[in-house]
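Comments concern the structure below.
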Amino acid sequence: EAGVVQSPRYKIIEKKQPVAFWCNPISGHNTLYWYLQNLGQGPELLIRYENEEAVDDSQLPKDRFSAERLKGVDSTLKIQPAELGDSAVYLCASSLGQHNEQFFGPGTRLTVL
Amino acid sequence: ILNVEQSPQSLHVQEGDSTNFTCSFPSSNFYALHWYRWETAKSPEALFVMTLNGDEKKKGRISATLNTKEGYSYLYIKGSQPEDSATYLCAFKTSGSRLTFGEGTQLTVNP
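Residue numbers (the numbering used here), protein chains in the order written: chain A, 14 to 126; chain B, 268 to 378.
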């Protein structure tokens, strides 16, 4: 069974540029999460989807960050414009319902110059 | 704000040594405690999900215990091997379903 797929794995951009990350969850998993992991810290939840609905986006900086999961499967996380402080690893995870085990993708490591 | 603390922050051991890490979490509104292993350039891998006070779980040379009343969990590795080198994350969950992660313990096992 394929795991959570994320792309790209690495991205280097200049500040003020836009960037997008893509996540394909495990087939059948209705719950999808985006996490931000800063160096030396644990992952922090940005947004949680139940199917196509964003049910917890309280930690998402909405001035520059946006996310979508239009058909309740794949998801895209966008930053526009990127700032130096956005350099981090962006992790996607999925689960069969909000209380079940979360399976993580390998993450996208973003470097903003 | 939920506070999940892990110690030590980093650890260097020799191959064959046994080691353990601590995860401290709030003792109220407990739902579950997760342990993950995260190797560089790979996906975080779930090790254990623990829900009951007194739970003890084992997977090969790795085991974990849970004390929900005092708010801590221990992860033990017996006979560490170089392939055990990774960051070990614990995550606390209330019934509200959001996982709150600790900062992790970075383990390096020297051959």
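Even glycine gets a Cβ: it sits at the ideal position worked out from N, Cα and C.
- Less than 8 Å divides the Cβ of L104/A from the Cβ of P56/A.
- Across the set L90/A, Q72/A and K24/A, the C-alpha of L90/A shows the shortest separation from the C-alpha of N37/A.
- Annotation: the continuous beta strand (DSSP E) that includes L374/B extends over T372 to N377.
- When only Cα atoms are considered, E323/B and I26/A end up about 46 Å apart.
- Burial of Q373/B is indicated by the presence of at least 16 other C-beta atoms within 10 angstroms of its C-beta.
- Residue environment for R22/A: exposed (fewer than 16 other C-beta atoms within 10 angstroms of its C-beta).
- No Cβ of chain B is located within less than 8 Å of the beta carbon of F78/A.
- About 4 Å separates the Cβ atoms of K29/A and P94/A, confirming a contact at the 8 Å cut-off.
- Taking all protein chains shown into account, P349/B has fewer than 16 neighbouring C-beta atoms within 10 Å of its C-beta and is therefore exposed.
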